[in-house]
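Here's the structure we're looking at; comments come further down.
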Amino acid sequence: MKRLVLIAIAWLMCMSTYAQAYEVDFSVDQEKTTVSYKIKNNTKDYLFVFKGFFSNLRSCCMVFYALPNGETGFADIDVIPDKKRVKVIEPGETYQFQFELSSYRKKYHVTKLEGVFDFLYRESANDDLAPVRMKKVITL
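When the letters of the sequence shown are read in order and numbered with mature numbering (1 follows the signal peptide of the UniProt record, and there is no 0), they come out as residues -21 to -1, 1 to 119.
Listed below in structure tokens is the structure:
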């Protein structure tokens, strides 16, 4: 029994060193009316989310819809609605942006949602800033 407890403790300690430095979530509610874009900073340093200033560092949500002529259109939604170019997320803080999808669903046949997460983070004080680019896709 002692050996089992020691193995479990060692396993938990190893897993904690590989904890994710950040968590991202891109989801839509069951009624498909509200879209949530969320990023959590699990580091002990700041995390920087970029607005559409640089083409290769750009966080946004995209709503894809079918047009009557068969083509696909899209709407680009800014996830940092204020005038700042960078959103600073403090250690342990979560940034969340939500928008109503119902207004797009009334006008168009929405087919796909895409969340783009572009940010920089530093896992520890000795590390350089690491860029991260993630895309999350929801097909409706």
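Glycine is no exception: its CB is placed at the ideal position from the N, C-alpha and C atoms.
Local conformation of R64 per DSSP, three classes:
coil
Drop a sphere of 10 angstroms on the beta-carbon of K30, count the other beta-carbons inside from all chains shown, and report buried for 16 or more, exposed for fewer.
buried
Using C-beta distances below 8 Å, list every residue in its chain close to K63, excluding the 5 sequence neighbours before and after it, in chain order.
K30
Short check: CB of L92 to CB of I117, under 8 Å?
yes
Simplified DSSP assignment, three categories, for S103:
coil
Among F27, Y74, S82, nearest to A54 - alpha-carbon criterion:
S82
Reducing DSSP to helix, strand and coil, say where Y83 ends up.
helix
Element boundaries [beta strand (DSSP E), containing A54]
51 to 57
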